[in-house]
Every structure is written in structure tokens, then in C-alpha cells.
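Enquirer: Here the protein sequences come in this chain order: A and B.
According to the numbering used here, the residues represented by the first sequence are 139 to 324, in order.
According to the numbering used here, the residues represented by the second sequence are 61 to 291, in order.
Using N, Cα and C, we set each Cβ at its ideal position, and we do this for glycine too.
Quick caveat: nothing in here was measured; it's all calculated off a predicted structure.
I'd like to ask some things about the structure below.
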Amino acid sequence: MNTVVKMLLTLLVIGAISGGLLAKIFEWADPQIKLNAQKETERAIFIVHPEGKKQEKVSGTTSDLYKVMDGSGKVIGYALPCKGNGFQGLVKLMMGVTPDLKKITGLTVIEQVETPGLGSEITKEGFTNQFKKVNPDPHIVGKKGAAESPNDIVTITGATISSKAVVKIMNEGLDELRKLKKEGKI
Amino acid sequence: MSKANSPLNDFMNGIWKQNPIFKQVLGTCPTLAVTVSVMNGIAMGLATTFVLFFSSVIISMIKKLIPNQVRIAAYIVVIATFVTIVDIVMKAQFPELSKSLGPFIPLIVVNCIILGRAEAFASKNTVVRSAFDALGMGAGFTLALLVLGGIREILGSNQLLGTVILPATVEPMLIFILPAGAFLTLGILFGTANFFEQRKKENARQKVIEANRASRQVALPVEQQNEGEEA
């Protein structure tokens, strides 16, 4: 009996000290972590909207959507973070579109764990810049080899799955935006 | 015996004689996974050293207070506390590094080097000796990751610490950045380390044999005399 009490007490004391210590440290670090995440989002938004000067979260929707304004306060487009499965894991993107959703202004990969040297090429501008010229209506299509129609994106050799994953994520993001537009929320 | 127990000796043990990677082959999971670049290797090594140092010191301090039956649970709580501290601080101060190391920082909790040293050393020795042992083990681990990360970064991406050092005519060998390259590199390093160790042992043996032979030549007549008497 005595040992059991001693065992319980020891673990209780160690657990309590550890919990208290971690709570204090988290309290100190949490604002900084949130700030980092926010900075990251902001950086990505201005990559996909190079002319943007200000950004603001769109309220009234469940989506994590941002509208981007130029210097005079005119809305020049939207930025939407979206994600999906790539070849090896989660791919997170930030996409930028014009207010009428007819043109993609930019795309940047925020997070990916694709194969280095192959799938990770989706982060390079050679691939992402294609989206600026593509016609996203009704859908973007990933094609091997060469583009045949204005809707086509040329996939990366050796990284077809990763490239198509990006195309799929973009299409899903565009669908989400179109739905919001239809509902009159943006 | 006093020399074998000196703090410096405890420290040096971890660097080579009992190097956690090359000699004890502990903690190879993070070793293989994070060493795609030197920077990752150093960060992982330092994070592990920090956790190892503080958990060894604390465990050595409270070793007499913990009932034997719950010692592993108590050690894990102490280790997990310091790992979480490292994780939180890295997320706040070095977000880029934290992202590239990903889940391997929280996984330090189950790194067998740390629990291994807690159980094998810190729970049996004084605080000062445990501290030096932890620092030595940490330094040995960091060193191993640095070498591994260096080789893989140079061969796999022609770079070292982000600056290009090999000319563009040398095609980067992608396989060294991929998991297979980690196994190849570590295997070759193990082989090299063992080769030198074996040669050292062989040399030492040869020396003993020669020394024996030399002494026998002097001692032989005496031995023969003795044998003769016994017969």
C-alpha cells in the first residue's frame, strides 16, 4: 500500500510540475507562433497578388478567404489558401484570382513533402507560372507533354501525380470560390 | 580508476568510444530522416543535446526520490517536458527550421539515446558526471549528424549550408537526398568506422604478440630450465 501511494504521489508531483512549466512557456510563445503563421499567410497572399497593397479577411463565409486591395483601396482579387493530397502527403497552396474569377493571378506552394527533385518541382516558377496563362473556366486540365487547349497545364516529367494534385486542388478551390460568388457572398 | 571516472573522460566517451550513432547505433530514425542538409543535422543535434542535458541532470537529481516501479514513466514525463519546450520555442523563434524538421522534434521523446542514457547512466551516477555524459553523447550525436548531413548535401545538391560548392558540371546525385541515400551513406560510414577500429585492434594485438615474443626469447632458457626440473 505504501509503495502504491508513493508511486502515485511521485508521478502526480512530476506531472504537475511539468504541466505548470509547459503552460507558462506556451503562454509566452503562443502570440509569437500565431504571428509567424499570420506573416506566412500574408507573404503568400502578396506573392499571388504582386500588385496588392492591403489584404483583409472576408467575413461571413466559412472559408479562409482574403480579399486583396491595391493602394487606392480597390479590390483587385481574392486569395484562397487550399490544400489536398499530393504524392506523399499534404500539399498546401495559396491561390490568387481576379474578382470575376476568370483569371488566376498567381499560385504559390506553402507546404509540401513531395519527393525532392521530382515532385518538389511544383514549387518552382516554371510550373506555377503556367497557371497565370491558363483559362480556368470550366476546369484546368493537367496534360503530359504539351498543352493542347487553353485549359491545359503541362505536367512535370516524373512528377505527374504531384502536378495533377496541384491542378485538382486549384479546381476545388475555384469551385469553392464560384459557389461563394453564386451565393453572393463575394 | 579515478581517471576513468573524470568528467572529461565521460565527455570524450560520447564523442567517439561510445558514440551514440557509430558505436551504440541508437537513434538512427531521426539520423536517417533529417540529414538531408547540414543545417537540419545541426539543428536536430542541438535540440537533442538540449533535451539530453536537462533530462539527464534532472533525472540524476531526483533518482533517489522515484520509486523503482515507476521510474521509466517518470523519466518519460521529464524527457517529454523538455522536448515540448524545444518544440514550442522553435515554432516561435525559428519557424523555418521547425517546418523543415517537422515531426522529428516531437519524436525526440522516443529517441532511445535519451532514455538509454537516463536508464544506463543518469540514474546511477552523480549530477556532474551525468551532465558531462549527456553533453558528450549530445556532441557525438551532433557530430555524426553533421558528417552525414554534409555528405548528403554535398553529393545530393552540390551545396554546403546553402552555398553552391561543386561546379555545375557535376550532376547532383539526387539519390543522396532521398531516403535510400541516407542508408547508403550511414552504411558506408559504419563500414569505415569499423574498418579503422579493426585495424587499430589488429595493430594492438600484433604489438602484444611481438612484445610477448621478445620477452619469451629472453625468458625461454629459464622456462626450459623450470620445465626440466618439473619433469
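Between the region 127 to 140 of chain B and the region 96 to 105 of chain B, do at least 3 Cβ pairs fall closer than 8 Å?
Expert: Verdict: no, contact absent.
Enquirer: Determine the closest residue to B:ALA178 out of B:TYR135, B:VAL130, B:LEU125 and B:ARG276, with distance taken between C-alpha atoms.
Expert: As a working note, residue 178 of chain B is residue 118 in the second sequence. It is B:TYR135 whose Cα lies nearest to the Cα of B:ALA178.
Enquirer: Please state the DSSP three-state secondary structure of A:ASP290.
Expert: What you label residue 290 of chain A is simply residue 152 of the first sequence in a count that begins at 1. DSSP places A:ASP290 in strand when its eight states are reduced to three.
Enquirer: Name, please, each residue of chain A whose Cβ falls closer than 7 Å to the Cβ of B:ILE148.
Expert: Sequence index remark: in the second sequence, residue 148 of chain B carries index 88 (1-based). Under the 7 Å cutoff, chain A gives ILE163, PHE164 and ALA167.
Enquirer: Which residue's Cα is closest to the Cα of A:GLY227: A:GLU252, A:GLU263 and A:ARG316?
Expert: Locating residue 227 of chain A in the first sequence gives position 89, counting from the first residue. Comparing Cα-Cα distances from A:GLY227 to each of A:GLU252, A:GLU263 and A:ARG316, the minimum goes to A:GLU252.
Enquirer: Quick one: Cα of B:ALA103 to Cα of A:GLY296, how far?
Expert: Your numbering for residue 103 of chain B matches position 43 in the second sequence. Your numbering for residue 296 of chain A matches position 158 in the first sequence. Whole-angstrom Cα-Cα distance: 32 Å.
Enquirer: Based on Cα-Cα distance, which residue from A:PHE225, A:SER287, A:ILE278 and A:PRO274 lies nearest to A:THR298?
Expert: Locating residue 298 of chain A in the first sequence gives position 160, counting from the first residue. Considering only alpha carbons, the answer is A:PHE225.
Enquirer: So the alpha helix (DSSP H) A:ALA182 belongs to, where does it begin and stop?
Expert: Taking the first sequence and counting its residues from 1, the one referred to as residue 182 of chain A is at position 44. Residues 140 to 186.
Enquirer: Assign A:ASP168 to buried or exposed, taking buried as 16 or more other Cβ atoms, counted over all protein chains shown, within 10 Å of its Cβ.
Expert: For the purposes of this step, residue 168 of chain A is identified with residue 30 of the first sequence, where counting begins at 1. Burial call: exposed.
Enquirer: Counting only Cβ pairs nearer than 8 Å, list the residues of chain B close to A:LYS144.
Expert: If you number the first sequence from 1, residue 144 of chain A lands on position 6. Those within 8 Å of A:LYS144 in chain B are PRO127.
Enquirer: Does any CB atom of chain B fall closer than 9 Å to the CB of A:VAL235?
Expert: Here residue 235 of chain A refers to the residue found at position 97 when the first sequence is read from its first residue. No, its Cβ sits nowhere closer than 9 Å to a Cβ of chain B.
Enquirer: Mind listing the chain A neighbours of B:ALA133? Cutoff is C-beta to C-beta under 7 Å, in chain order.
Expert: The residue you call residue 133 of chain B lines up with position 73 of the second sequence. Neighbours of B:ALA133 on chain A, chain order: LEU149.
Enquirer: Beta carbon of A:ILE183, beta carbon of A:ALA161: below 9 Å?
Expert: Within the first sequence, residue 183 of chain A is the residue found at index 45, counting from 1. Within the first sequence, residue 161 of chain A is the residue found at index 23, counting from 1. Contact flag unset, no.
Enquirer: State yes or no: is the C-beta of B:VAL169 within less than 9 Å of the C-beta of B:VAL130?
Expert: Taking the first residue of the second sequence as 1, we reach residue 169 of chain B at position 109. Taking the first residue of the second sequence as 1, we reach residue 130 of chain B at position 70. No, Cβ-Cβ distance for B:VAL169 and B:VAL130 is not below 9 Å.
Enquirer: At what residues does the beta strand (DSSP E) containing A:PRO219 begin and finish?
Expert: Taking the first sequence and counting its residues from 1, the one referred to as residue 219 of chain A is at position 81. Per DSSP, A:PRO219 belongs to the beta strand (DSSP E) from 213 to 223.
Enquirer: How big is the Cα-Cα spacing for B:PHE164 and B:GLN84?
Expert: Counting from 1 along the second sequence, the entry for residue 164 of chain B is found at position 104. Counting from 1 along the second sequence, the entry for residue 84 of chain B is found at position 24. Their backbone Cα atoms lie some 20 Å apart in a straight line.
Enquirer: Does B:LEU234 get closer than 9 Å to chain A when you measure Cβ to Cβ?
Expert: Along the second sequence, read from residue 1 onward, the residue named residue 234 of chain B stands at position 174. It does: the Cβ of B:LEU234 has a partner Cβ on chain A nearer than 9 Å.
Enquirer: At the level of alpha carbons, what is the spacing between B:PHE154 and B:GLU270?
Expert: On the second sequence, position 94 is the one that residue 154 of chain B refers to. On the second sequence, position 210 is the one that residue 270 of chain B refers to. Distance between the alpha carbons of B:PHE154 and B:GLU270 is about 58 Å.
Enquirer: Thinking C-alpha only, which one of B:CYS89, B:LEU195 and B:TRP76 is nearest B:PHE114?
Expert: Numbered from 1 along the second sequence, position 54 holds the residue referred to as residue 114 of chain B. Among B:CYS89, B:LEU195 and B:TRP76, the Cα nearest to that of B:PHE114 is on B:LEU195.
Enquirer: Please confirm whether B:GLN78 has its beta-carbon closer than 9 Å to some beta-carbon of chain A.
Expert: As a first step, residue 78 of chain B must be located in the second sequence, where it is residue number 18. No, its Cβ sits nowhere closer than 9 Å to a Cβ of chain A.
Enquirer: Is DSSP giving A:VAL251 helix, strand or coil here?
Expert: Position 113 of the first sequence, counting from 1, holds the residue named residue 251 of chain A. Three-state DSSP puts A:VAL251 in coil, outside helix and strand.
Enquirer: Return the residue from the list B:THR108, B:MET150, B:ASN65 and B:PHE250 that minimises the CA-CA distance to A:PHE164.
Expert: Counting from one through the first sequence, the residue named residue 164 of chain A turns up at place 26. Selected option, being the one with the closest Cα: B:MET150.
Enquirer: Hey, how far is the Cα of A:LYS302 from the Cα of A:LYS282?
Expert: Along the first sequence, read from residue 1 onward, the residue named residue 302 of chain A stands at position 164. Along the first sequence, read from residue 1 onward, the residue named residue 282 of chain A stands at position 144. Roughly 10 Å separates the two Cα atoms.
Enquirer: Quick one: what's got a C-beta closer than 7 Å to B:VAL224's C-beta in the same chain, skipping five residues either side?
Expert: If you number the second sequence from 1, residue 224 of chain B lands on position 164. ASN218, listed in sequence order.
Enquirer: Which chain B residues are close to A:GLY153, counting only those with a beta carbon under 8 Å from its beta carbon?
Expert: Taking the first sequence and counting its residues from 1, the one referred to as residue 153 of chain A is at position 15. Those are VAL137, listed as they occur along chain B.
Enquirer: Look at the alpha carbon of A:ILE155 and the alpha carbon of B:ALA253, and state the distance between them as a whole number of angstroms.
Expert: The residue labelled residue 155 of chain A in the question sits at position 17 within the first sequence. The residue labelled residue 253 of chain B in the question sits at position 193 within the second sequence. Distance between the alpha carbons of A:ILE155 and B:ALA253: 43 Å.
Enquirer: Alpha carbon to alpha carbon, how far is A:LEU315 from B:ALA152?
Expert: For the purposes of this step, residue 315 of chain A is taken as residue 177 along the first sequence, with counting starting at 1. For the purposes of this step, residue 152 of chain B is taken as residue 92 along the second sequence, with counting starting at 1. Each residue's alpha carbon lies about 33 Å from the other.
Enquirer: Please state if the CB of A:ILE260 and the CB of A:SER133 are separated by a distance shorter than 9 Å.
Expert: An answer regarding residue 133 of chain A cannot be provided, because it is not within the stretch 139 to 324 covered by chain A.
Enquirer: Whole angstroms are fine: how far does the CA of A:LYS262 sit from the CA of B:ILE214?
Expert: Here the question's residue 214 of chain B lines up with position 154 in the second sequence. Here the question's residue 262 of chain A lines up with position 124 in the first sequence. Roughly 21 Å between the two C-alpha positions.
Enquirer: Tell me where the alpha helix (DSSP H) around A:LYS306 begins and ends.
Expert: Numbered from 1 along the first sequence, position 168 holds the residue referred to as residue 306 of chain A. 298 to 320 is the extent of the alpha helix (DSSP H) around A:LYS306.
Enquirer: Compare the beta carbon distance of A:LEU318 and A:SER201 with 9 Å and say whether it is the shorter of the two.
Expert: Position 180 of the first sequence, counting from 1, holds the residue named residue 318 of chain A. Position 63 of the first sequence, counting from 1, holds the residue named residue 201 of chain A. Yes; because the gap between Cβ atoms is below 9 Å, this pair is in contact.
Enquirer: On the CB-based measure, 16 or more other CB atoms within 10 Å of its CB, does B:CYS89 come out buried or exposed?
Expert: To locate residue 89 of chain B, count along the second sequence from 1; it is residue 29. Exposed, by the Cβ-count rule.
Enquirer: Give me whichever residues DSSP pairs with A:MET232 in a beta bridge.
Expert: For this step, residue 232 of chain A is matched to residue 94 along the first sequence. For A:MET232, which the question treats as bridged, DSSP gives the partners A:PRO219 and A:THR246.
Enquirer: For A:GLU189, name the three-state secondary structure that DSSP assigns.
Expert: On the first sequence, position 51 is the one that residue 189 of chain A refers to. A:GLU189 falls in the coil class under three-state DSSP.
Enquirer: Within this structure, are the beta carbons of A:VAL305 and A:ILE278 separated by less than 9 Å?
Expert: By 1-based counting over the first sequence, the position of residue 305 of chain A is 167. By 1-based counting over the first sequence, the position of residue 278 of chain A is 140. Cβ distance < 9 Å, so A:VAL305 and A:ILE278 count as in contact.
Enquirer: Report, in whole angstroms, the separation of the C-beta atoms of B:ILE173 and B:THR245, which I expect to be a contact under 8 Å.
Expert: Here the question's residue 173 of chain B lines up with position 113 in the second sequence. Here the question's residue 245 of chain B lines up with position 185 in the second sequence. At roughly 19 Å, the Cβ-Cβ gap does not stay under 8 Å, so B:ILE173 and B:THR245 are not in contact.
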